[in-house]
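Novice:
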Amino acid sequence: MELADVLKTNQVFKGLTDEEVRHIAAICSEKKYDSSSIIFEENSKGSGMYILVQGQVDIQMTMGIDDEPATVHVIREGEVFGELSLVDRTPRSATAKTAGPSSVFILEADKFDELCNKNHRIGLIVMKNIARIVTSRLRETNIKYTESLIWERLSTNVEENKEL
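Residue -9 is where the sequence shown starts when you use our numbering, and the numbers rise one by one after that.
1) On the DSSP bridge list, what partners appear for H63?
2) Measure the C-alpha to C-alpha separation of D103 and E130 and round it to an integer number of angstroms.
3) Report the rounded CA-to-CA distance for Y23 versus V11, giving the unit in angstroms.
4) Would you kindly report the start and end of the unbroken alpha helix (DSSP H) that includes A16?
5) Rounded to whole angstroms, what is the Cα-Cα separation between Q19 and L144?
6) When you compare each of T61, K21, G38 and L(-7) to R82 by their alpha carbons, which one comes out closest?
7) Please report how far the alpha carbon of A135 lies from the alpha carbon of T80, in whole angstroms.
8) Please report how far the alpha carbon of D8 lies from the alpha carbon of E73, in whole angstroms.
9) Using the Cα positions of R66 and E58, report the straight-line distance between them to the nearest angstrom.
10) With distance defined between alpha-carbon atoms, name the residue in G113, V64 and I112 nearest to A89.
11) So what's E98 in DSSP terms, helix, strand or just coil?
12) Going by other Cβ atoms of all chains shown within 10 Å of its Cβ, with 16 needed for buried, is S26 buried or exposed?
13) Can you give me the Cβ contacts of M53 inside the same chain, cut-off strictly under 6 Å, excluding the 5 residues immediately before and after it?
14) DSSP three-state label for G113, please.
15) Thinking C-beta only, is F95 closer than 9 Å to A15?
16) Excluding the 5 residues preceding and the 5 following E69 in the sequence, name in chain order all residues of the same chain whose CB lies nearer than 6 Å to its CB.
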């Protein structure tokens, strides 16, 4: 399958024409990784977005409890990760580690910026799509956080009632 075909099926590139998708595919570079390879590390400088075309990537974070990172998300073929670096280039919030032999295409932020300066429509659509993805994730996180607070209060109430 061609990279342009993979990109067309991804939310980040939804709404782009076939020609616009081909422009993005043309500036991507391919990289292959062995099993258990680190693609990028938590707190490293974000410089691009990755499109997984083969394999699986685990997104891991240190939790501050011990030195063992926890897998917080699994990236499957056709999905993107590291997309926030196209927006702000701040340090990565997690580590991306392959769960087996994997192949990715990398969309470097600088090359993407150059493309967007030539074609504002591409930049507008991609950034709107990233904003939709991020807001969706934020809503999910808010729900999970609220649920954890409810469970914490319930368990505290149960413990307090046991003491009475």
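Beta carbons: idealized from backbone N, C-alpha and C, even for Gly.
Specialist: So, from the listed chains and residues:
1) I49
2) 29 Å
3) 25 Å
4) D8 to A16
5) The question names Gln, but residue 19 is Ser in the sequence shown. Cα to Cα, S19 sits roughly 51 Å from L144.
6) G38
7) With the sequence shown as reference, residue 135 is identified as Tyr, and Ala is not the correct amino acid for it. Whole-angstrom Cα-Cα distance: 24 Å.
8) Roughly 21 Å separates the two Cα atoms.
9) 22 Å
10) V64
11) strand
12) By the neighbour-count rule (16 or more Cβ atoms within 10 Å), S26 is not buried but exposed.
13) A60
14) helix
15) yes
16) L42
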